[in-house]
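Asks: So for the sequence shown, UniProt numbering puts the first residue at 1; every next one is plus one.
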Amino acid sequence: MIRTLLSFFIVMLVLCCAIYPFTLNEIAKFVFPYEASGSLIDENGQATLDVNKAVGSELLGQAFNKPYFLHGRSSAVNYNTSDINQSSVNSGGFNYAMSNPALKERMIKDLNQFLKQNPNVSKKEIPIDLLSASASGFDPHISKQAAWVQIPRIVKFSKLSKNQVEKIINNSTQDKFLGIFGEMKVNVLKANIAINKAMKKSKNATTNTRTNS
């Protein structure tokens, strides 16, 4: 009896912990190579399977602090996706109860910081997702409104036109699921890659103009 149970245990262990996940992983790589590799994108905003060329994943948020970039949501773990020296947990939320004074303190701090960075925006214009954190701490998206209120700051520091920035945000926007579920959302990483490309292009154009003058 014990021998039968032990044999069954070993067979199921090998089947469930080795053969099954390995098989599914290989099938996923063949059928959905991009998704199975982590939905990585390169510096041009294009899908890539090469980890060395990737600047991030479209499914994982990153911390963007430069004033000419689009800023994402607050993160309890500061988006520490690869910082081995980070002492906090790798993923998670603040987990504050509504009655916890720390929640109000944290939101007021984020509110004041956002208003300082975006002086042209009033309190009532700030959407809730810019003051609330996701459960994972790695939300790659913000609402369309959250992106829109940051346009004046991005225009000022990137030296791009308002139309350019608006076009970039629109091109980085995902529609509602099936057109009716959820909200329209902007992928922060994709938008910032596009902003960075536009800034480089504008800088090169200015340099060429000065050279030819």
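Glycine is no exception: its CB is placed at the ideal position from the N, C-alpha and C atoms. This one's a predicted model, so the numbers in the text were calculated from it and none came from an experiment.
Alpha carbons only, please: which of His-71, Ser-202, Thr-173, Val-77 is nearest the one belonging to Ser-136?
Replies: Val-77
Asks: Look up Ala-198 in the DSSP assignment and say whether it is helix, strand or coil.
Replies: helix
Asks: Go through its chain and collect everything with a Cβ distance to Ser-134's Cβ below 7 Å, but skip five positions before and after it.
Replies: Arg-73, Gly-93
Asks: Are the beta-carbon atoms of Ala-191 and Leu-70 separated by less than 8 Å?
Replies: For the 8 Å CB-CB criterion, Ala-191 and Leu-70 form a contact.
Asks: For the alpha helix (DSSP H) holding Asn-171, just list the boundary residues, first then last.
Replies: 162-171
Asks: Quick check on Pro-33: buried or exposed, where buried means 16 or more other Cβ atoms within 10 Å of its Cβ?
Replies: exposed
Asks: Whose C-beta lies closer than 8 Å to the C-beta of Asp-175 among residues of the same chain, with five residues either side of it excluded?
Replies: Met-184
Asks: Kindly indicate which residue of Ser-75, Pro-67, Ile-128, Leu-160 has the alpha-carbon position closest to the one of Lys-116.
Replies: Pro-67
Asks: Since residue 283 and Ile-108 should fall inside the 8 Å C-beta cutoff, what is the C-beta to C-beta distance between them, to a whole number of angstroms?
Replies: With the chain covering only 1 through 213, there is no way to say anything about residue 283.
Asks: Return the CA-CA distance between Pro-127 and His-141, expressed in angstroms with no decimal places.
Replies: Going by the C-alpha atoms only, they are around 13 Å apart.
Asks: Could you give the DSSP three-state label for Ala-76: helix, strand or coil?
Replies: coil
Asks: Roughly how many angstroms separate the alpha carbons of Asn-120 and Val-51, rounded to a whole number?
Replies: Straight through space, the alpha carbons of Val-51 and Asn-120 are spaced by roughly 39 Å.
Asks: Quick check: the Cα distance between Val-14 and Leu-6, rounded to an integer number of angstroms?
Replies: 12 Å
Asks: Jot down the residue ranges of each uninterrupted beta strand (DSSP E) in the region 13-84, minimum 3 residues, whole runs only, in chain order.
Replies: 40-42, 54-57
Asks: What's the call for Ser-122, buried or exposed, on a 16-neighbour Cβ count within 10 Å?
Replies: exposed
Asks: Okay, do the region 161-180 and the region 146-153 touch, 3+ Cβ pairs below 8 Å being the bar?
Replies: yes
Asks: Could you give the first and the last residue of the continuous alpha helix (DSSP H) run that contains Val-155?
Replies: Residue range 151-158 is occupied by the alpha helix (DSSP H) that includes Val-155.
Asks: Would DSSP call Phe-177 helix, strand or coil?
Replies: strand
Asks: Less than 8 Å between C-beta atoms, sequence neighbours within five positions excluded: which residues of the same chain meet that for Leu-131?
Replies: Ser-74, Met-107, Asp-110, Leu-111, Phe-114
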